[in-house]
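Asks: Handing you this structure, nothing more for now.
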Amino acid sequence: MKAGDLTMTQTIAHLGPHGTYTESAALKYLTWLSQTQHDTAFLCPYPSITQTIEAAAKGQAQFAVVPVENSIEGSVTMTLDALWRLDTLRIQHAIVLPIHHALLSIAERLDEIQTVYSHPQALSQCQNWLDRNLPNVQLIAANSTTEALQHLGEDQTIAAISSQRAAQLYSLPILASPINDHPENCTRFLVLSLNASSGGSRTSLAFSVSANQPGVLVKPLQIFAERGINLSRIESRPTKRSLGDYVFFMDLEADSRETAMQSALAELATCTETLKIFGSYNVLPSINSGS
856 MKAGDLTMTQ
866 TIAHLGPHGT
876 YTESAALKYL
886 TWLSQTQHDT
896 AFLCPYPSIT
906 QTIEAAAKGQ
916 AQFAVVPVEN
926 SIEGSVTMTL
936 DALWRLDTLR
946 IQHAIVLPIH
956 HALLSIAERL
966 DEIQTVYSHP
976 QALSQCQNWL
986 DRNLPNVQLI
996 AANSTTEALQ
1006 HLGEDQTIAA
1016 ISSQRAAQLY
1026 SLPILASPIN
1036 DHPENCTRFL
1046 VLSLNASSGG
1056 SRTSLAFSVS
1066 ANQPGVLVKP
1076 LQIFAERGIN
1086 LSRIESRPTK
1096 RSLGDYVFFM
1106 DLEADSRETA
1116 MQSALAELAT
1126 CTETLKIFGS
1136 YNVLPSINSG
1146 S
């Protein structure tokens, strides 16, 4: 699409409110669209990951940016479950964002803090720091790292774990930073759309099998190994039909348009109950979004 060809401004749905890490990832995608595709877009925050994904599935937004995996805490199961349930969406790109958590509070000292709010993933990613520095505080989960800030108010006994960007946006003081347990902490986000994937070096898929029995994964793994296709990730999620019944998610280092992958996918379809291919895509390079 060339500049001037747009008949409407594109919308990028993301987990809100303003100041979340997902918004930072969405800003990077907006910058990429502007710099490389000459497309214009604006961000639209949603209160949950599921609502963000459904906005794209219903055509209310052209894209949805959602977290899928953290290097410390692992997969974001809500995203995986929604992908399996709403199989009309395709992955357009992946975005990797470094995560640097900060403790925000109007308190002047750590020993004033009695309660800490944040998203469950952020709380887990700072657990060791919290155990060392705030061992007796109450930890309360919020829908996002930015929603947690709503609890600060004028109470010096309350703190929230969020980003430095959120602190700047809402003019809130930072009591400690960085506080994440692992400095290399990063999160992978997916850009989802109803559009067909444009292709890339990675392919994501999921499948279910008709019966839970020993060796059920042997054949699917052999299919890719025999063709020299590297499997970079595999994870199971319950189908929610019965105990012990699972969906398997895979990331492969190959484009689904390649001959070897097409052959592998065709064979995989013969030994699975349901096979869903979410698309082939690339990880976006680092782009300065000004965030």
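Residue numbers 856 to 1146, in our numbering, belong to the letters of the sequence shown in order.
All residues carry an ideal CB built from backbone N, CA and C; glycine is no exception.
#1: How big is the Cα-Cα spacing for ALA1015 and ALA911?
#2: If you compare alpha carbons, which of VAL951, GLY1083, HIS893, GLN1068 is closest to LEU1139?
#3: Please report the distance separating the alpha-carbon of GLN906 from that of ASN1067.
#4: Could you tell me which residues DSSP puts in a beta bridge with GLN993?
#5: Under 8 angstroms: does the beta carbon of ALA1022 sit that close to some heavy atom of the ligand FMN?
#6: Looking at the structure shown, is LYS1074 part of a helix, part of a strand, or coil, going by DSSP?
#7: Are at least three pairs of beta-carbons, each pair with one atom in the region 996-1010 and one in the region 871-884, less than 8 angstroms apart?
#8: I'd like the list of long-range same chain contacts for TRP939, defined as Cβ closer than 6 angstroms, with 5 residues on each side in sequence excluded.
#9: Measuring only the C-alpha atoms, how far is MET1116 from PRO922?
#10: Is the beta carbon of PRO902 sitting closer than 9 angstroms to the one on ALA868?
#11: Using the DSSP secondary-structure output, state which residues sit across from LEU1030 in a beta bridge.
#12: In the DSSP assignment, what residue or residues form a beta bridge with CYS1041?
#13: Who are the near neighbours of GLN1019 in its chain, counting only those whose CB is closer than 8 angstroms to its CB and skipping five residues on each side?
#14: Within the continuous alpha helix (DSSP H) that includes GLU1090, where are the two ends?
#15: How many angstroms separate the CA atom of ASP1110 from the CA atom of GLN947?
#16: Can you list, in chain order, the residues of its chain whose CB lies under 7 angstroms from that of SER1146, leaving out five sequence neighbours each side?
#17: Should the region 1079-1098 be called in touch with the region 1112-1127, which here means at least 3 C-beta pairs below 8 angstroms?
Replies: According to the structure shown:
#1: 30 angstroms
#2: Ranked by how close their Cα comes to the Cα of LEU1139, the residues VAL951, GLY1083, HIS893, GLN1068 have VAL951 in first place.
#3: 32 angstroms
#4: THR970
#5: This structure lacks the ligand FMN; in fact it carries no ligand of any kind.
#6: Helix, per DSSP.
#7: yes
#8: ALA1061, VAL1102
#9: Distance between MET1116 and PRO922, taken at the CA atoms: about 26 angstroms.
#10: no
#11: Looking at the DSSP output, LEU1030 sits in no beta bridge, so it has no partner there.
#12: PRO953
#13: HIS955, ALA957, ILE1029, SER1032
#14: No alpha helix (DSSP H) contains GLU1090, which is instead part of the beta strand (DSSP E) from 1086-1093.
#15: Whole-angstrom Cα-Cα distance: 13 angstroms.
#16: Because the pLDDT at SER1146 is just 35, under 50, the model does not fix this residue reliably, and the point stays unresolved.
#17: Touching, per the Cβ criterion.
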